[in-house]
Amino acid sequence: MNYRRSFLGAVLALAAAICLPARLAAVPQSNELLPLSRVHPGMQGYAYTIFEGDQIEKFDLEVIGVLENFLGPKQAIILVQLKGPKVEHTGVVAGMSGSPVYLDGKLAGALSLKLG
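This is the structure in structure tokens:
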């Protein structure tokens, strides 16, 4: 019986490994990083996350400011306001941490905190 479960687990892992890259390939991504020094209030950007199921969805955001040394020395955060029908109601919720954030088409960071 344990062999059967192990085999099923291996098959599911293989299926995920085959299908996941195809799903991620549909989401435009940039390997370029945006330096913190170029981030300023008013910048418009976007992020990707999964709200339910396995559909990756894009939503907009606007930079409110950069909080230098917020989490400690040389540990800044970029404060953003999320925009769109789903995120304006919920804000950042559990499970969204790590969702990539793009500004000027470049990777600026990831969602990680909810303030307020």
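FYI, the numbering for the sequence shown is 2 to 117, going by my numbering.
From the three backbone atoms N, C-alpha and C, an ideal C-beta is built for every residue, glycine too.
| Buried/exposed call for Gly117, threshold 16 Cβ in 10 Å | When all chains shown are included, Gly117 counts as exposed.
| Identify the residues that DSSP records as bridge partners of Thr91: which are they? | DSSP lists no beta-bridge partner residue for Thr91.
| field | Pro42 (DSSP reduced to helix, strand or coil) | value | Coil.
| query | Which residue or residues does DSSP assign as beta-bridge partners of Lys107? | reply | Lys107 is bridged to Leu104.
| What residues in its chain sit with their C-beta under 8 Å from that of Asn77, if we drop five residues either side in the sequence? | The residue you asked about is not Asn; residue 77 is Ala in the sequence shown. Cβ within range, chain order: Leu37, Val67, Leu68, Glu69, Asn70, Phe71.
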